[in-house]
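Peer 1: My structure is below; once you've seen it, I'll send some questions.
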Amino acid sequence: MNEAKQEILNIIANYCKENPNQRFGQILFNLNINEFKKDSEEIRDIHNDSDKKILERIQSRIKQLKNK
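So the sequence shown is residues 169 to 236, counted in this note's numbering.
What follows is the structure, given as structure tokens:
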């Protein structure tokens with residue numbers, strides 16, 4: 169397993185512990201792992217997103233959440 173994947177899993181695990189009332193699907197959206205297409209209600213296919221890109225998106229979202 170590469171470092172980015174391990175970090176993603178660690179973040180998800182910690183977020184689950186901090187937010188026990190959220191369902192797994194909510195967590196994926198709240199961390200910006202899954203997201204909607206721009207100007208659409210369709211879920212964007214993240215198949216071609218690299219692990220590093222997903223990790224960067226998660227880290228950016230966590231910063232946003234902490235600044236609220």
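In this text, a Cβ means the ideal position worked out from N, Cα and C, and glycines have one as well.
Provide the residue(s) that pair with I211 in DSSP beta bridges, ordered along the chain.
Peer 2: F204.
Peer 1: Compare the C-alpha of Q174 against each of I195, K220 and N202 and name the closest.
Peer 2: When only C-alpha atoms are compared, the closest one is K220.
Peer 1: By the DSSP assignment, the alpha helix (DSSP H) with N178 in it spans what residues?
Peer 2: Here the alpha helix (DSSP H) through N178 covers E171 to E186.
Peer 1: N198 lies in the alpha helix (DSSP H); which residues open and close that run?
Peer 2: Looking at the DSSP string, the run of the alpha helix (DSSP H) that includes N198 is F192 to N198.
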